[in-house]
Amino acid sequence: MSILLAHFKSNGKEEFITQEKGGIRKESENKGFKNLELIENRNEFIVDVFNGGKIEGDGVFDFRYGPVSGIGEAGVFHLYTYGERILSVKIDTFYKRRKLDEKMIGMDVNDALKIAERVSGNFSVSHSLAFSRAIEKAMKVEVDDKTKRVRAIALELERIYNHIHVISKLASDAAQLVLASHLSELFEDSLCVNEIFSGSRYLRDFVTLGGVTKVPSDKALNSVLKEIEKNKKSFTKLYKNSMTSRNYIDRLHSTAILSARDAAMIGLTGPSLRACNVKEDLRIKDDIYKDLKIVTDEEGDALSRMEVRAKEILESMEFVENNVKKINSKETDRMTLQGKGDGLGWCESPSGAIIYSIGVEDSKIKVLHVSTPSVFGMAAMAHSIVGNIFTDFPFALDSFGVNFADAAR
Amino acid sequence: MNWWPVIGMSKMLTEDKKYESKARVRVKKMKEFKRSLNIYTIDVGNCNILNFEMQALKSPKYNIHRFGIYSAASPRHADLLIVLGKPTDEMIEPLRCTVNQLPEPFGLLLIKGCGDDGIDPNELKLPNVVASMDGCPSPSEILAVLLKISGRSD
Chain P
1 MSILLAHFKS
11 NGKEEFITQE
21 KGGIRKESEN
31 KGFKNLELIE
41 NRNEFIVDVF
51 NGGKIEGDGV
61 FDFRYGPVSG
71 IGEAGVFHLY
81 TYGERILSVK
91 IDTFYKRRKL
101 DEKMIGMDVN
111 DALKIAERVS
121 GNFSVSHSLA
131 FSRAIEKAMK
141 VEVDDKTKRV
151 RAIALELERI
161 YNHIHVISKL
171 ASDAAQLVLA
181 SHLSELFEDS
191 LCVNEIFSGS
201 RYLRDFVTLG
211 GVTKVPSDKA
221 LNSVLKEIEK
231 NKKSFTKLYK
241 NSMTSRNYID
251 RLHSTAILSA
261 RDAAMIGLTG
271 PSLRACNVKE
281 DLRIKDDIYK
291 DLKIVTDEEG
301 DALSRMEVRA
311 KEILESMEFV
321 ENNVKKINSK
331 ETDRMTLQGK
341 GDGLGWCESP
351 SGAIIYSIGV
361 EDSKIKVLHV
371 STPSVFGMAA
381 MAHSIVGNIF
391 TDFPFALDSF
401 GVNFADAAR
Chain H
410 MNWWPVIGMS
420 KMLTEDKKYE
430 SKARVRVKKM
440 KEFKRSLNIY
450 TIDVGNCNIL
460 NFEMQALKSP
470 KYNIHRFGIY
480 SAASPRHADL
490 LIVLGKPTDE
500 MIEPLRCTVN
510 QLPEPFGLLL
520 IKGCGDDGID
530 PNELKLPNVV
540 ASMDGCPSPS
550 EILAVLLKIS
560 GRSD
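Listed below in C-alpha cells is the structure:
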C-alpha cells in the first residue's frame, strides 16, 4: 500500500511523493489519497483525516492545552470533549511556524543546509542527510562507501538518543520514577557519546554536502565503542526489568490503538507504523543495512510503539558497534558540488520518513519542498486518541515521538 | 546491599564537576533569590534542542534538586522564567502574558538558541531580565547560570 508523504505542483503538474516497500516514488496521479488536505493545511493546523477535527453536540466544548503550559512546546491541542472522553482533536501548529522552508529558497546550498539542520534540532542528522542526498542527486554525485557508513552511524546514534528520550517520557508519564530516572541518565549518556563521536551533543554540523565535516579519530571511535557497549548493557537490563512491571504495561497496553490501514491512510511512517505490523523502513534497500533486523509489533497501541522503539535501540547499538569497527580515521575525499538539476532525497529519521525535493540552479535553491514525519505522527495521534480519556493523552502524544518544531518547520 | 547515598556522599561523586559559563548575570546585591529557585520554562520557538537540554538538565546526572532548584508546574509558582529560543510572531503575546503571571520578585533568563529566525528577545523590553545566553548552551552551562542567579556561586 503506497503512503502519500508530499504533494505539490511543479511546472503546472501535480506531483505526489509516496513511500512503498522501502522506497520513495514520484507519482503523477491521485490514487484517492485521504491525507491531501492534511498536507495542504499543515502550516496552520493538523486534524484527524477521518473526521475533519471539529465535532459539535450537546455539552461538547473545546479544552485547550498550550501554548505555554501542559506540553512543553509552543503549540496548541484542542481537545473536543463533554468531559473525560476525548471526541476529537485539532492541533494548532502556527505558533511555532518559523518559515524555515520558505527561507531556504534562494539561498546558497551550504547555507541552506545549516537551516535544514535547525528545522528540528533532535533530527539534525536526518534532516541534513535527506537534504544532502537531494542536492547530491540533483548534481549527480555519488558519495563513497566510507562516507555512507560514517553517516549511517551518526543517523543510528541519533535514533538511539531519540528513542531513549521517548521511552523515558513514557515511563515518567506512567509514574515509573525509578525507570524514568535511569532512562534520563542514559539519555544524557548517549548525548555524551554523540559529543565524543562528532564534537556536538546533537550531531550538528556533521553531515555536509558530499561528505562529512570530520571523520572521528581512532581514539574517539574506541571510546564510542566502549560507551555504547556500556549503554547497551544497562538499557537491556532496564528494558527487561521494566517489562516485568504490571503497572507500567497496563498503563500503555491498549492505549491509543491504531490499525495498519488507518495508519497508512494518514501517512504515518517510522517506528509507529512498524508497531502496526507493517514492515516498512527506508533503510532496507540500503546495502550498509543488510544485517539490520526490521522490528515490528502487532497491536498498534502505545505499548507496541514503546516495544518497537526499545528493540530498535538495541538493533541500532549493535549496528553502531559493528560499523565503528569497519571504519578508520583517515579523512575521506570531499566532493565539490556544482551544476543544476532536481533531486529527491530521503532518510529514515527516528520518527519516520523525511523527504526533501529540491531544484538547484547556480548553487542556489530554486524550489524546495519538505515532508516531515511529525505532521503525520500528530495526525495519527489525533485519530488514535478518539474514544480514550484525558489521562491517556500524554501516552498517546509521547508514544509517537513527535514535536512541533518538526511539524511546523 | 549498597548504601549508594552514603557511598556517593563520601566519594563526592557529584561534586567533582565544575559548572562554568561565561554569561553575565545581573542580580542585585540584596539577592532576590535566596539559595533556592523554582523555575518555569517556556518555549517560544526554539529548534527543540533547548527543550532537550532542559530535559537533560533535569536528569539525575546533574541532580539539580540538591541545589534547591525545582521546576514549577505553573508560572504563578515560579521565581525564574526561562525563555527558550527567539520568539516567533505568534508567541510574543503568550510570552508577555506569562511574564505578567509571575509573582514578585521574579527574574527572566533568556536562552536565545541558534539561528536568526524570530525576534531577539532582548528587543521586547521584558522586565527583570537577569541573564541572557547566546546559542544552545549545554546543561552544565545552564546550571552554572542558575547557580549564579540563586546566589550559590559568584
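Going down the list, the sequences are from chains P and H.
At position 252 of the first sequence (counting the first as 1) the number is 252 in the working numbering, and the numbers step up by one without a gap.
Just add 409 to wherever you are in the second sequence, counting from 1, and you've got the working numbering.
For every residue, glycine included, the Cβ atom is placed at its ideal position computed from N, Cα and C.
Setting aside the 5 residues that flank it on each side, K293/P is surrounded in the same chain by E315, each with a C-beta closer than 7 angstroms to its C-beta; the list follows chain order.
Interface flag for L459/H against chain P is set, since a Cβ pair is found closer than 9 angstroms. Residues of the segment 506 to 539 of chain H whose Cβ lies closer than 8 angstroms to any Cβ of chain P, in chain order: C506, T507, C523, G524, D526 and G527.
Within the segment 83 to 98 of chain P, the residues whose Cβ lies closer than 7 angstroms to some Cβ of chain H are F94, Y95, K96, R97 and R98, listed in chain order.
Here E299/P carries a coil assignment [DSSP, helix/strand/coil]. Measuring C-alpha to C-alpha distances from D262/P to each of L273/P, A74/P and G359/P identifies L273/P as the nearest. Rounded to the nearest whole angstrom, the C-alpha separation of D525/H and R246/P is 47 angstroms. In chain order, A74 make up the part of chain P whose C-beta sits under 8 angstroms from the C-beta of V453/H.
The segment 142 to 152 of chain P makes no contact with the segment 482 to 492 of chain H, as fewer than three CB pairs between them are under 8 angstroms.
In the structure shown, I46/P falls within a strand segment according to DSSP collapsed to helix, strand and coil.
The Cβ atoms of S242/P and Y248/P sit closer than 9 angstroms to each other. Runs of beta strand (DSSP E) with 3 or more residues, each lying fully within the segment 463 to 492 of chain H, are found at 478 to 480, listed in chain order. Looking at K285/P, E299/P and G267/P, the one whose alpha-carbon comes closest to that of A275/P is E299/P. Secondary structure of F123/P (DSSP, three-state): helix. Straight through space, the alpha carbons of D406/P and R85/P are spaced by roughly 28 angstroms. For C347/P and V492/H, the gap between their C-alpha atoms comes out near 32 angstroms. For S559/H, not one C-beta of chain P is nearer than 9 angstroms to its own C-beta. Non-local C-beta neighbours of Y479/H in its own chain, meaning closer than 6 angstroms and more than five positions away in sequence, comprise N447, ordered along the chain. In the structure shown, V109/P adopts helical secondary structure according to DSSP, grouped into three states. Comparing alpha-carbon positions, the option among T81/P, G199/P, P350/P and L87/P lying closest to F61/P turns out to be T81/P. Scanning chain P for C-beta atoms nearer than 8 angstroms to the C-beta of S547/H yields R201, reported in chain order. Contact with chain H is absent for G267/P, since none of that chain's Cβ atoms lies less than 9 angstroms from the residue's Cβ.
Chain-order list of chain H residues neighbouring N122/P: C456, N457, I458, N460 and F461, by C-beta distance under 9 angstroms.
Per DSSP, reduced to three states, the secondary structure at L258/P is coil, with no helix or strand assignment. Identification of chain P residues near E499/H by a Cβ-Cβ cut-off of 7 angstroms yields F94 and Y95, ordered along the chain.
What K467/H touches in chain P, judged by beta-carbon distance under 9 angstroms, is S184, going in chain order. Taking C-beta atoms as the reference points, S445/H and S562/H fail to come closer than 9 angstroms. The Cβ of A405/P sits closer than 9 angstroms to at least one Cβ of chain H. For K31/P and N122/P, the gap between their C-alpha atoms comes out near 33 angstroms. Residue environment for D281/P: buried (at least 16 other C-beta atoms within 10 angstroms of its C-beta). Using a CB distance cut-off of 9 angstroms, S430/H does not count as an interface residue toward chain P. Taking L268/P as the centre and dropping the five residues before and after it, the same chain places the C-beta of F376 and A380 closer than 6 angstroms to its C-beta, in chain order.
In the DSSP secondary-structure assignment, T18/P is bridged to L4/P and R25/P. Within chain P, S69 have C-beta atoms less than 7 angstroms from the C-beta of S483/H, given in sequence order. Less than 9 angstroms divides the Cβ of L535/H from the Cβ of L517/H.
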